[in-house]
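Chains as they are written, first to last, in the numbering used here: chain A, 26 to 127; chain B, 3 to 392.
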Ligand code: HEM
Ligand code: HEM
Ligand code: FES
């Protein structure tokens with residue numbers, strides 16, 4: 026089981042928990058504002074953009090090329106950006122906080 | 003006119019050769035030639051670079067074939083550049099996300115169930131005019147939040163509301179749509195309701211109240227942008243499953259693949275082939291010089307078969323987990339109707355999978371777009387089939 030927190034654009038902290046699927050699915054299932062997941066997680070829409078805390082970034086890992094190509098052309102990109110449909114919900118992310126980009 | 007019954011599930015890649023060799027294609031269009039950008043990364047870059055490749059050119063010029071000769075109304079947000087564009091999107095985005103509501107989805111399901119029931123009752127039917135068009139029109143009443151009886155008017159326009167036999171662009175026909183929308187706006191002024199017209203009449207974007215002309219520009223686009231694209235996507239999906247019924251059965255058995263299946267079909271069909279931009283300065287794409295005030299196109303259909311990005315791009319593969327297609331465009335102007343279109347396709351494909359045992363094709367007339375040196379199958383003019391229920 027992983028418990029994580031999303032910080033939305035309006036600065037609301039939303040705590041959610043899950044044990045499977047992608048981080049995008051977890052966020053949309055809990056109505057986290059700013060995570061729309063339009064493409065259902067196939068890495069085509071970029072409506073699931075988050076910032077990972079610098080300290081956690083290494084644990085989560087770098088995006089694959091297809092994901093980083095998408096992010097490269099996103100106006101709000103930073104070096105800590107990820108598309109959260111490409112992050113799996115596992116014990117490894119337990120306790121992390123993610124900032125929603127949009 | 004081509005009439006055939008086998009191979010209809012195939013949508014060949016019209017651009018492969020040229021994409022590999024130079025990455026660019028050319029076509030003329032009413033003496034305003036177009037340099038077509040063919041590779042996925044190049045298309046994305048150009049779509050993102052809205053200062054150099056603008057949408058806010060003369061109304062109609064970024065559409066291919068050009069509509070400069072037949073209209074003056076600027077389509078909104080489609081023919082507006084940032085930053086104004088962002089203000090319009092901020093206003094429109096929440097409304098166009100309504101398809102995510104459960105209530106919307108339940109009403110859409112009723113429309114889909116009814117459409118499929120009618121198909122079972124007919125011995126055979128034309129998917130384009132008797133299935134896809136009514137389904138698209140009825141679903142549009144949900145998106146605009148208008149009464150269902152409006153759909154009949156839109157169905158009666160037929161599939162050729164913008165075009166007449168023999169000539170591509172028909173100003174008189176486009177006027178039917180403009181006059182209709184003017185009338186609806188006046189109606190909404192007299193009898194405000196909770197439909198999109200009324201909502202826009204009470205809205206501001208970029209700190210200003212929307213003018214009637216702007217409202218018209220938004221509404222025309224929801225009719226024009228959401229019509230042929232959705233009709234093509236629905237018809238092509240049925241053509242695909244008619245020759246690949248086991249894929250439909252697989253979705254019935256494993257509904258968890260539904261989303262991937264729909265995204266893959268949308269990639270493969272690319273219901274909108276391309277959209278233009280006008281260069282604001284001399285520039286270059288793929289070492290190809292682009293002069294200021296000339297047109298380029300973002301060729302979504304070619305990009306979606308780019309072998310540098312997609313493995314076996316010409317195969318329909320429901321197991322593609324990562325599928326960065328750009329059928330709904332990319333960056334600033336990405337499709338405002340995508341949530342609605344995806345919802346229709348997801349619910350339709352699942353319902354077909356639940357209910358249909360077999361789809362038999364009787365005759366098919368493919369719609370081949372002629373784009374300069376390229377010929378691309380984008381859909382069907384008509385597709386006669388019969389459905390066998392489970
Ligand atoms: C499968 C169906 C559809 C496909 C493949 C599709 C494709 C596209 C594409 C590629 C663009 C980008 C155009 C550009 O960059 O210039 C676009 C924009 C747009 N589409 Fe769609 N579309 C579909 C359905 C719809 C529907 C149902 C509606 C509304 C009823 C709609 C409304 C729009 C609007 C308003 C824009 C302009 C957005 C902007 O400029 O910000 N589309 N569409
Ligand atoms: C007032 C607005 C528009 C008008 C008057 C218009 C007019 C037309 C015309 C005349 C054709 C037929 C071209 C031909 O047969 O060669 C056409 C086809 C098409 N249009 Fe539009 N268009 C409009 C806006 C749009 C927009 C905004 C989109 C998408 C975002 C779009 C998507 C398509 C597609 C996919 C086709 C091909 C359909 C097919 O051949 O099956 N249209 N349109
Ligand atoms: S949900 Fe579409 S890219 Fe992540």
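Here a beta-carbon is modelled for each residue, glycine too, at the ideal position from N, C-alpha and C.
So, for residue i: in the same chain, excluding its five sequence neighbours on each side, which residues have a beta-carbon less than 8 Å away from its beta-carbon?
i                      : result
residue 301 of chain B : 17, 27, 38, 39, 40, 45, 275 and 276
residue 141 of chain B : 110, 113, 232, 342 and 346
residue 95 of chain B  : 338
residue 236 of chain B : 129, 133, 134, 137, 138, 346, 347 and 350
residue 310 of chain B : 41, 42 and 43
residue 183 of chain B : 218, 221, 222 and 225
Measuring only from the beta carbon, is residue i closer than 7 Å to any heavy atom that is part of ligand 3?
i                      : result
residue 341 of chain B : no
residue 63 of chain A  : yes
residue 110 of chain A : yes
residue 54 of chain A  : no
residue 52 of chain B  : no
residue 66 of chain A  : yes
residue 69 of chain A  : yes
residue 277 of chain B : no
residue 49 of chain A  : yes
So, for residue i: in the same chain, excluding its five sequence neighbours on each side, which residues have a beta-carbon less than 7 Å away from its beta-carbon?
i                      : result
residue 167 of chain B : Unreliable placement is indicated for residue 167 of chain B, whose pLDDT of 46 sits below 50; the coordinate value is still reported in the next sentence. Contacts found: none.
residue 38 of chain A  : 30 and 32
residue 95 of chain A  : 68, 71 and 108
residue 60 of chain B  : 70
residue 124 of chain A : 32, 75 and 76
Could you say which of the options lies nearest to residue i if we only look at CA atoms?
i                      : options                       : result
residue 15 of chain A  : A/99, A/81 and A/95           : This structure gives no information on residue 15 of chain A, because the portion of chain A shown stretches from 26 to 127.
residue 135 of chain B : B/149, B/201, B/117 and B/36  : B/117
residue 335 of chain B : B/31, B/22 and B/58           : B/58
residue 268 of chain B : B/318, B/201, B/102 and B/358 : B/318
residue 111 of chain A : A/35, A/45 and A/28           : A/45
residue 239 of chain B : B/220, B/192 and B/351        : B/351
residue 146 of chain B : B/272, B/390 and B/224        : B/224
residue 35 of chain A  : A/50, A/57 and A/62           : A/57
residue 119 of chain B : B/379, B/378 and B/353        : B/353
residue 158 of chain B : B/148, B/178, B/174 and B/149 : B/178
residue 51 of chain A  : A/122, A/119, A/114 and A/121 : A/114
residue 381 of chain B : B/149, B/273, B/216 and B/284 : B/273
So what does residue i bridge to, in DSSP terms?
i                      : result
residue 21 of chain B  : None; residue 21 of chain B has no bridge partner.
residue 330 of chain B : For residue 330 of chain B, which the question treats as bridged, DSSP gives no partner whatsoever.
residue 206 of chain B : B/211
residue 36 of chain B  : B/29 and B/297
residue 40 of chain A  : A/30
residue 363 of chain B : B/387
residue 77 of chain A  : A/123
residue 373 of chain B : B/376
residue 281 of chain B : B/55
residue 6 of chain B   : B/366
residue 382 of chain B : B/368
residue 47 of chain A  : A/113
Ordered along the chain, which non-local residues of its own chain (more than five positions away) have a Cβ less than 6 Å from that of residue i?
i                      : result
residue 388 of chain B : 126 and 362
residue 153 of chain B : 139, 140 and 143
residue 355 of chain B : 250, 253 and 254
residue 393 of chain B : The displayed coordinates of chain B run from 3 to 392. Any statement about residue 393 of chain B would go beyond what the structure contains.
residue 29 of chain B  : 36, 373 and 374
residue 194 of chain B : 200
residue 383 of chain B : 367 and 369
residue 135 of chain A : Chain A is shown from 26 up to 127; residue 135 of chain A falls before or after that span and cannot be answered.
residue 32 of chain B  : 68
Examine ligand 4 and report whether any of its heavy atoms sits within less than 7 Å of the Cβ of residue i.
i                     : result
residue 72 of chain A : Inclusion of ligand 4 in the displayed structure is not the case, the ligand content consisting of ligand 1, ligand 2 and ligand 3 alone.
Going by the C-beta, is residue i closer than 7 Å to any heavy atom of ligand 1?
i                      : result
residue 301 of chain B : no
residue 337 of chain B : yes
residue 221 of chain B : no
residue 79 of chain B  : yes
residue 330 of chain B : yes
residue 49 of chain B  : yes
residue 232 of chain B : yes
residue 273 of chain B : yes
* Short-range partners of chain B found in the stretch 47–71 of chain A, where Cβ spacing is below 8 Å -> 61, 63, 64, 65, 66, 67, 68, 69 and 70
* Residues of the stretch 250–284 of chain B with Cβ closer than 7 Å to any Cβ of chain A, in chain order -> 261, 262 and 265
* Asked: Quick one, which residues of the stretch 95–115 of chain A are near chain B if we go by CB-CB under 7 Å, in chain order?
  -> 95 and 98
* Residues of the stretch 315–328 of chain B with a CB closer than 8 Å to any CB of chain A: list them in chain order, please. => Taken in chain order, the members of the stretch 315–328 of chain B whose beta-carbon sits within less than 8 Å of a beta-carbon on chain A are 322, 323, 324, 325, 326, 327 and 328.
* Asked: Taking a cut of 9 Å between CB atoms, which residues from the stretch 336–350 of chain B lie near chain A?
  -> 336, 340, 341, 344 and 348
* Which of the residues in the stretch 285–315 of chain B, read from start to end, lie with their CB under 8 Å from any CB of chain A? -> 311
* Contacting positions in the stretch 60–83 of chain B - beta carbon closer than 7 Å to chain A -> none
* According to a CB-to-CB cut-off of less than 7 Å, which residues of the stretch 77–93 of chain A neighbour chain B? -> 91
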